[in-house]
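I have placed the structure first, in the form of structure tokens, so that the comments after it can refer back to it.
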Amino acid sequence: MTDQNLPVTVAGLGPMGAALAAALLDRGHDVTVWNRSPGKAAPLVAKGARQADDIVDAVSASRLLVVCLADYDALYSALGPAREALRGRVVVNLNSGTPKEAREAAQWAEGHGIGYLDGAIMVPPPLVGHTGSLFLYSGSTEIFETHKETLADLGDPAHLGTDPGLAVLYNTALLSMMYSSLNGFLHAAALVGSAGVGAAEFTEIAVDWFLPSVIGGIIKAEAPTIDKGEYPGELASLEMNVTTLKHIIGTSDEQRVDAGIPAGNKELLDRAVAAGFGKSGYSSVIEVLKRGAA
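According to the working numbering, the sequence shown is numbered sequentially starting from 1.
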């Protein structure tokens with residue numbers, strides 16, 4: 001028997017947990033499911049899953065337990081009664097939370113003789129099980145390699161390293177980038193919308209060209225300089241970008257569009273200029289962000 005068709009237990013049957021269980025069933029796994037509200041298991045049972053009587057029964061059914069609950073507190077609450085049954089088994093935790101919580105969960109698992117892998121799902125439920133759907137994992141390399149084939153049935157698995165907190169850290173960083181990008185687009189759409197341009201029409205330039213060609217190009221070009229801590233500003237200094245943001249704020253005011261987003265961006269650049277980066281390139285702003293974290 002290969003890892004690809006080993007039995008798997010899925011704990012937590014919200015929309016994402018149900019999608020995980022369904023993907024495993026579709027790929028021929030014997031799947032046991034458990035949820036605090038038993039009624040949620042019915043559609044999966046109809047597809048061939050076995051519904052566990054309780055969490056101990058669920059854990060005992062498989063060597064591999066995939067958990068998809070609300071947070072780490074829910075993880076401890078659900079698995080606590082099954083600690084002894086979990087000894088010698090593997091938990092793949094796809095909850096959300098913080099890196100500190102992920103590291104604490106790994107320590108908790110180790111203290112009870114439980115294999116542990118932390119993970120983050122980077123797609124919505126309808127894309128689970130599809131090629132190109134990225135799942136991030138961190139923690140034990142041995143556990144990841146042992147169960148990689150099964151994890152690949154959920155989506156493309158990427159192991160980020162042995163620090164259990166890396167997957168949730170990447171997830172948080174990418175979501176932060178998502179919200180900033182979405183807010184930037186919404187502000188831009190509001191600006192052109194003030195002249196009667198529809199958001200769908202705007203995407204033809206903003207998304208089809210500007211986002212990949214300009215923003216993507218800038219990020220790729222600047223990433224190596226960020227790693228080196230060098231921010232040449234000959235082509236466009238931070239002070240020049242402050243002037244551009246003043247124009248964006250002014251245009252927003254003229255068009256009666258809320259200027260909070262560009263004003264917040266300008267405030268960040270003002271702090272970087274005050275810190276001595278006025279003649280440096282835009283990416284020098286990261287030094288202010290890092291100092292804020294420190």
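C-beta: ideal position from N, C-alpha, C; glycine also.
{"Asked": "Short of 7 Å in beta carbon distance, which residues of its chain neighbour Val8, apart from the five on each side in sequence? Order them along the chain.", "Found": "Leu24, His29, Val31, Ser62, Leu64, Val66 and Thr150"}
{"Asked": "Measure the alpha-carbon distance for Gly17 versus Gly113 and round it to whole angstroms.", "Found": "25 Å"}
{"Asked": "Which residue from Ala158, Val59, Asp270 and Tyr179 puts its Cα closest to that of Ala120?", "Found": "Ala158"}
{"Asked": "From which residue to which residue does the beta strand (DSSP E) around Thr9 run?", "Found": "Val8 to Ala11"}
{"Asked": "Please state whether DSSP places Gln255 in a helix, a strand or coil.", "Found": "coil"}
{"Asked": "For Thr166 and Ala102, I'd like the C-alpha separation in whole angstroms.", "Found": "Position check: residue 166 holds Leu in this sequence, whereas Thr was assumed. Taking the straight line from one Cα to the other gives about 9 Å."}
{"Asked": "Per DSSP, which one or two residues make a beta bridge with Pro157?", "Found": "Phe135"}
{"Asked": "Can the beta-carbon of Leu69 be found less than 7 Å from the beta-carbon of Asn95?", "Found": "yes"}
{"Asked": "If I measure Cβ to Cβ from Gly12 and keep anything under 7 Å in the same chain, skipping five residues before and after, which residues do I get?", "Found": "Asn35, Val67, Cys68 and Leu69"}
{"Asked": "Can you name the start and end residues of the beta strand (DSSP E) that Val31 belongs to?", "Found": "Val31 to Trp34"}
{"Asked": "For Arg50, does the three-state DSSP call read helix, strand or coil?", "Found": "strand"}
{"Asked": "Can at least three beta-carbon pairs, one atom from the stretch 231-240 and one from the stretch 275-294, be found at a separation below 8 Å?", "Found": "yes"}
{"Asked": "Just the C-alpha distance for Gly292 and Gly14, rounded to the nearest angstrom, thanks.", "Found": "36 Å"}
{"Asked": "Looking only at DSSP bridge pairs, what is Asn121 linked to?", "Found": "The amino acid occupying residue 121 in the given sequence is Ile; Asn does not appear at that position. Answer is Phe135, bridged to Ile121."}
{"Asked": "Do you know how far the Cα of Asp57 is from the Cα of Lys148?", "Found": "25 Å"}
{"Asked": "Across the stretch 187-197 and the stretch 244-264, are there enough close Cβ pairs to call them in contact, namely three or more that are closer than 8 Å?", "Found": "yes"}
{"Asked": "How many Å lie between Asp73 and Leu127 at the Cα?", "Found": "27 Å"}
{"Asked": "Once you ignore the five residues that flank Ser140 on each side, which residues in its own chain have a CB closer than 8 Å to its CB?", "Found": "Gly115, Tyr116, Leu117 and Thr162"}
{"Asked": "What's the gap between the Cα of Asn183 and the Cα of Asn265?", "Found": "12 Å"}
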